[in-house]
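J.: Taking the working numbering, the leading residue of the sequence shown gets 3, the next gets one more, and so forth. Glycine residues also receive a C-beta, built at the ideal position from the N, C-alpha and C atoms. Keep in mind that this is a model prediction, so the values were computed, not measured.
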Amino acid sequence: MAFKRKKREDLRVELTSMVDVVFLLLIFFMISTTFVESQGIDVKLPTANAQNIQKTPDEVKVYLEKSGRIHLDDHLISLVDLKAHLASYAERAATTTFVILADEKALHGIVVEIMDAARAAGFSKLAIATQQDGKQ
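#1: What residue range does the beta strand (DSSP E) around F100 cover?
#2: Return the first residue and the last residue of the beta strand (DSSP E) that K63 is part of.
#3: Quick check for students: name the residue ranges of the beta strand (DSSP E) that lie wholly in the segment 72 to 127, counting only runs of 3 or more.
#4: For G70, which residues in the same chain have their Cβ closer than 8 Å to its Cβ, ignoring the five residues on either side in sequence?
#5: For the alpha helix (DSSP H) containing T18, list its first residue and its last residue.
#6: Based on Cα-Cα distance, which residue from G124, I29 and I130 lies nearest to V114?
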């Protein structure tokens, strides 16, 4: 009695489901990632028609809320402490850009005090951040 042998199929690994899972993970991480530069500081910048300037790698950002609270990067700081901290930039202050991100409703006097503190610390490059005006 002769038995017929079954033809042997080559073994394959199905990658379709693994590719689906990888794409789902990629989509999940793309959606869940936020691209917010500074969280938690409520500053509404004034608008201007001026052109954007190139961002320099060495810059100090000072945020001023409309309530008068000052933030250095993301840390709440007083004006006296800000002056002391800016003094530590003495040797590299000439090449570092000092950026003020003041709320449009912030008091002008506090903005001027922050600018004076930067000038006294040796900063020669001063920038005041604004938003691009939508009317063009």
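T.: Judging by the given coordinates:
#1: For F100, the uninterrupted beta strand (DSSP E) segment begins and ends at T99 to A104.
#2: Where K63 is concerned, the enclosing beta strand (DSSP E) stretches over E61 to L66.
#3: Complete beta strand (DSSP E) runs here, min 3: 72 to 74, 77 to 79 and 99 to 104.
#4: Counting only Cβ-Cβ distances below 8 Å, and skipping sequence neighbours, we find A108, L109 and I112.
#5: Segment T18 to S34, the alpha helix (DSSP H) holding T18.
#6: The option with the nearest alpha carbon to V114 is I130.
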